[in-house]
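Those protein sequence lines, which keep their order, are chains A and B.
Residues 1 to 305 in the numbering used here are what the first sequence spells out, letter by letter.
Residues 306 to 677 in the numbering used here are what the second sequence spells out, letter by letter.
Read the structure below first, then the notes.
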Amino acid sequence: MGMKQRKTISDIVVNGVLLFLCLVWTLPTFGLLVSSFRYKDEVRRTGWWTAFSTQRESETPRFVLDNYLEVLMGRDFTYTSATGAEVRASGDDLSQAFLNSIAVTVPATVIPILIAAFAAYGFAWMDFPGRKVFFTIVVGLLVVPLQIALIPILRDYTLLQLNGTFLAIWLAHTGFGLPLATYLLYNYISNLPRDILESAFMDGASHFTTFIRLILPLSMPALASFAIFQFLWVWNDLLVALVFLGARPDVAVLTQRLQEMVGSRGQDWHLLTAGAFITMILPLTVFFSLQRYFVRGLLAGSVKG
Amino acid sequence: MPSDKLSGTLSTLLDWTTTSVGRVLISLVVPTITFLVMWQGFLFLRQGNAPQGVTVLIAVLWGVGGVGVIFLVTNWLIEQLPGRWCWRLRPYAFVGPALVILGWYLFMPTLRTFYISFFDARSTAFVGLDNYIFAFTDPKMVEAFRNNLLWLTFGTSFSVILGLFIALLADRSKFEALAKSLIFMPMAISFVGAGVIWRFVYFYRPPGIEQVGLLNALVVALGGDPQAWLTLNPWNNFFLVAILVWMQTGYATVILSAAIKSVPEEILEAGRIDGASEMQLLFHVLLPSIRGTIVTVTTSVLIIILKIFDIVFVMTNGNYGTEVIASQQYKQMFRFSHFGRGAALAILLLLAVIPVMWYNLKQLNEQEAFWL
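Shown next as structure tokens:
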């Protein structure tokens, strides 16, 4: 009996501590989500936790979509500044930034995967002079901080007039993501059973067809792992976007716009919370629906520069 | 019959393509057309006159499709070559694009940045070690080094120890999957997004007004005075580090949890039979057997923290004594246009990761399978 009681007590302690930590970890995000749906005057006056209180003095609806409409569509609007003055400001129009983020992220995820998969296959199943040296370089570049590339690449882009174009940022993200992609995919592809490839060659398939028809489909789990990794990385990146997309508002991505909003409306929590949630919605969806692949990739990979 | 005539012409045309002259011509025409189409797409995108939705759609198609077409055409071209050459060149069609891009974006920039770091702001005059002397003596830089050290120490140890603690707790709980998901979730959020979340938590209003920020509301509820956490030097650094711990603990949890599960149950059971307490098991059996994973996780978090930029940039912009090396690096480059100093700071970041690079290469060298 004593054993059993002790087990129950330890269960309660373990789950209690875990629950407390989960609350601490989730509350900040939950507060952001709640605030983004609250009426703007209430966000300004009261804490988000009061939104659920049963005694409310105010007549306004508890939750509204206004904040989202304003940050997504808003072009011009007026608001009251901290000093009480009416200020006219240009809207945030995050819907355009959302599209830009997609235009940056999708190719910046697919291009490195395709290039890395070809390279990983070449390193794993082909023999050529320089193979060892080149692969050693790939592994060496795994942890190189991307800061090292900013100044030289910016100069090249100025020369090629590429600054502020989507191509510029795709190629940059491809370059910075390639070492990890090649390394992860090499580990996977080089461990595929040799007989599968040999029987394909026996049937007269070329390397190219073997790669497209056989290796790519077989490598789907590894490709998916890296795709999620790279997607989250590119979508959430601020530094590379700041440097290579620069100050052109028509191509600015979500992280850039949100960071600008922090500067221009540091006190307007109803807009900041809605804006932040818009930047988070897609990565969170990807994360929760494909978490299994993401974890697998993390376990297989090491560190990104 | 005209159709006979047509098929006749067609077959002569097809015959002609197999002659060597025809093959050479086609080998020139196909890549040229590919290049022209890609170039037109690029010009269209660079102009950016079309409505946004159209531009985005074309950008995605052009970018993704373009790479596929380049591989297809290259492979096709190589297959036109005589057997021996085809066999010799084909590996480079596979690894070539990756090598070119790596060379352009990481390998050469390392050398070029090293070179630039010995020149002045506009890279015109050689200044020797001036930029490095600046990096170690300028008051802002000294502050940045101090803060980076603080980040590395506290950020890494808190993330890894908390991650280990949560992994051990979760291992004993029925709600393991849910708990790990929730702790892991911040990893999907950008540093900027996390910055907004935590600015809201740390938000300060003067005493007497209702506190809207969670932390100050708690402090007031407990009878304290509200604080402007982000300007409270030197403690504000710890409030920034907390954001990183919030984001990275989930990573440590997930990796360490997988390692804990891979420790064979028999070893732990044998220890229990020998009368070892759970604490003894933890420190003498479990932790030693996952030491390798702890080192990997610690290294990963260290590298992330070393380059920490976004959190500082969004939360304080390096003001109130919160500057770090990467935020200074960005400022030197883009605010002060001092490329020499920016380059020197990037080189210092690189030097800091050299031990990890060396370790990775040593590991690779020991993987015999690769060298066979």
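C-beta atoms are modelled at their ideal positions from N, C-alpha and C, and glycine is treated no differently.
_C-beta atoms of Leu394/B and Ile383/B nearer than 7 Å_ = As a first step, residue 394/B is located in the second sequence; it is residue number 89 there, counting from the start. As a first step, residue 383/B is located in the second sequence; it is residue number 78 there, counting from the start. Yes, the Cβ-Cβ distance between Leu394/B and Ile383/B is below 7 Å.
*Taking buried to mean at least 16 other C-beta atoms within 10 Å of its own C-beta, is Asp237/A buried or exposed?*
The residue labelled residue 237/A in the question sits at position 237 within the first sequence. Asp237/A should be labelled buried.
*Determine the closest residue to Leu348/B out of Leu162/A, Ile113/A, Val110/A, Asn100/A, with distance taken between C-alpha atoms.*
As a working note, residue 348/B is residue 43 in the second sequence. Ranking the options by Cα distance to Leu348/B, first place goes to Leu162/A.
*Do you know whose CA, among Trp503/B, Val501/B, Gly518/B, Ile502/B, lies nearest Tyr509/B's CA?*
On the second sequence, residue 509/B is found 204 positions in, with the first residue counted as 1. Comparing Cα-Cα distances from Tyr509/B to each of Trp503/B, Val501/B, Gly518/B, Ile502/B, the minimum goes to Gly518/B.
*Take Ser464/B and list the residues in its own chain whose beta-carbon comes closer than 6 Å to its own, dropping the five residues that flank it on each side.*
Here residue 464/B refers to the residue found at position 159 when the second sequence is read from its first residue. For Ser464/B, where only same-chain residues beyond five positions count, the Cβ hits under 6 Å are Val550, Gln553, Thr554, Ala557, Val606.
*Just the chain B side, please: which residues come within less than 7 Å of Arg45/A by C-beta, in chain order?*
As a position in the first sequence, residue 45/A is number 45, starting the count at 1. Residues of chain B passing the Cβ test: Glu515.
*Using CA coordinates, which residue listed in Gln672/B, Ala575/B, Met662/B is at the minimum distance from Val139/A?*
Within the first sequence, numbered from 1, the residue matching residue 139/A stands at position 139. Checked all of Gln672/B, Ala575/B, Met662/B; the closest Cα to Val139/A is Met662/B.
*Are the beta-carbon atoms belonging to His270/A and Val43/A less than 7 Å from one another?*
Along the first sequence, one-based indexing puts residue 270/A at 270. Along the first sequence, one-based indexing puts residue 43/A at 43. Val43/A is positioned such that its CB atom lies closer than 7 Å to that of His270/A.
*Where does Phe353/A fall in DSSP's three states?*
Lying before the first or after the last residue shown, residue 353/A is absent from chain A, which here runs from 1 to 305.
*In three-state DSSP terms, what is Arg646/B?*
In the second sequence, residue 646/B corresponds to position 341, counting from 1. Look at Arg646/B here: in three-state DSSP terms it is helix.
*Going by alpha carbons, who is nearest to Leu494/B out of Thr46/A, Thr285/A, Asp66/A?*
Walking along the second sequence from the start, residue 494/B turns up at place 189. Position check: residue 494/B holds Ile in this sequence, whereas Leu was assumed. Nearest to Ile494/B by alpha-carbon distance, out of Thr46/A, Thr285/A, Asp66/A, is Thr285/A.
*Within the 7 Å Cβ cut-off, does Lys612/B reach chain A?*
On the second sequence, residue 612/B is found 307 positions in, with the first residue counted as 1. Lys612/B counts as touching chain A.
_Interface residues of chain A facing Leu654/B [CB-CB closer than 8 Å]_ = Here residue 654/B refers to the residue found at position 349 of the second sequence. Per Cβ cutoff of 8 Å: Pro145, Gln147, Ile148.
*asked:* By the three-class DSSP mapping on this structure, what secondary structure does Leu677/B have?
replied: Start at 1 with the first residue of the second sequence, and residue 677/B comes out as number 372. Summary for Leu677/B: the model assigns pLDDT 46, below 50, so the residue's position carries little reliability; its value from the coordinates is reported in the next sentence. DSSP, reduced to helix, strand and coil, places Leu677/B outside both helices and strands of the structure shown, so it counts as coil.
*Drop a sphere of 10 angstroms on the beta-carbon of Thr621/B, count the other beta-carbons inside from all chains shown, and report buried for 16 or more, exposed for fewer.*
Translated into the one-based positions of the second sequence, residue 621/B becomes position 316. By the beta-carbon neighbour count (other beta carbons within 10 angstroms, threshold 16), Thr621/B is buried.
*Answer yes or no: does any C-beta atom of chain A fall closer than 7 Å to that of Val617/B?*
Mapped onto the second sequence, residue 617/B falls at position 312. Judged by the 7 Å Cβ criterion, Val617/B is not in contact with chain A.
*In three-state terms, what does DSSP make of Phe37/A?*
As a position in the first sequence, residue 37/A is number 37, starting the count at 1. Residue state, collapsed to three classes: coil.
*asked:* Judging by CA-CA distance, which residue of Asp203/A, Phe118/A, Trp235/A, Leu159/A is the nearest neighbour of Ile189/A?
replied: To locate residue 189/A, count along the first sequence from 1; it is residue 189. For Ile189/A, the nearest C-alpha among the options comes from Phe118/A.
*Going along chain B in order, which residues have a C-beta closer than 8 Å to the C-beta of Gln291/A?*
In the first sequence, residue 291/A corresponds to position 291, counting from 1. One finds Ser486, Phe489 in chain B with Cβ atoms closer than 8 Å to the Cβ of Gln291/A, taken in chain order.
_chain B contacts from the segment 269-284 of chain A (Cβ-Cβ distance under 9 Å)_ = Result list: Trp269, Leu272, Thr273, Gly275, Ala276, Phe277, Thr279, Met280, Pro283, Leu284.
*asked:* Quick check: what's the CA-CA separation for Val524/B versus Leu192/A?
replied: Here residue 524/B is taken as the residue at index 219 of the second sequence, counted from 1. Here residue 192/A is taken as the residue at index 192 of the first sequence, counted from 1. Within the model, the alpha-carbon separation for Val524/B versus Leu192/A is close to 57 Å.
_Inter-residue CB distance, Ile278/A and Leu94/A (contact presumed, cutoff 8 Å)_ = To locate residue 278/A, count along the first sequence from 1; it is residue 278. To locate residue 94/A, count along the first sequence from 1; it is residue 94. Yes, Ile278/A and Leu94/A are in contact; Cβ-Cβ is about 5 Å, under 8 Å.
*Any Cβ of chain B within less than 7 Å of the Cβ of Gln259/A?*
Numbered from 1 along the first sequence, position 259 holds the residue referred to as residue 259/A. Judged by the 7 Å Cβ criterion, Gln259/A is in contact with chain B.
*Proximity of Leu232/A and Pro283/A at Cβ, strictly below 7 Å*: Indexing the first sequence from 1 puts residue 232/A at position 232. Indexing the first sequence from 1 puts residue 283/A at position 283. A distance below 7 Å separates the beta carbons of Leu232/A and Pro283/A.
*asked:* Tell me which residues of the segment 163-178 of chain A have at least one Cβ-Cβ distance to chain C shorter than 8 Å, keeping chain order.
replied: The chain inventory of the structure shown lacks chain C, comprising the protein chains A and B.
*Within the same chain, show all residues whose beta-carbon is closer than 7 Å to that of Met3/A, passing over the 5 residues directly before and after it, in chain order.*
Reading the first sequence from its first residue, position 3 is the one you call residue 3/A. Here Met3/A has no same chain residue with a Cβ atom under 7 Å from its own Cβ, once five neighbours each way along the sequence are excluded.
*Write down every uninterrupted run of the alpha helix (DSSP H) in the segment 203-262 of chain A whose length is 4 residues or greater and which is fully enclosed by it, in chain order.*
Runs found: 207-210, 220-236, 239-244.
_Inter-residue spacing [alpha-carbon to alpha-carbon] between Trp409/B and Val602/B_ = As a first step, residue 409/B is located in the second sequence; it is residue number 104 there, counting from the start. As a first step, residue 602/B is located in the second sequence; it is residue number 297 there, counting from the start. CA-to-CA, the gap between Trp409/B and Val602/B works out to about 30 Å.
*Determine the chain A residues that contact Gln357/B at a beta-carbon separation under 7 Å, and present them in chain order.*
Locating residue 357/B in the second sequence gives position 52, where the first residue counts as 1. In chain order, Gln96, Leu99 make up the part of chain A whose C-beta sits under 7 Å from the C-beta of Gln357/B.
*In chain order, which continuous runs of the beta strand (DSSP E) of length 3 or greater are located wholly inside the segment 589-618 of chain B?*
Every candidate beta strand (DSSP E) stretch fails here, since none sits fully inside the segment 589-618 of chain B while reaching 3 residues.
*Out of curiosity, what's the CA-to-CA distance linking Ala276/A and Ala241/A?*
Working through the first sequence from its first residue, we reach residue 276/A at position 276. Working through the first sequence from its first residue, we reach residue 241/A at position 241. Approximately 17 Å, taken between the alpha carbons.
_Quick check: is the beta carbon of Asn15/A nearer than 7 Å to any beta carbon in chain B?_
Your numbering for residue 15/A matches position 15 in the first sequence. Yes, contact with chain B.
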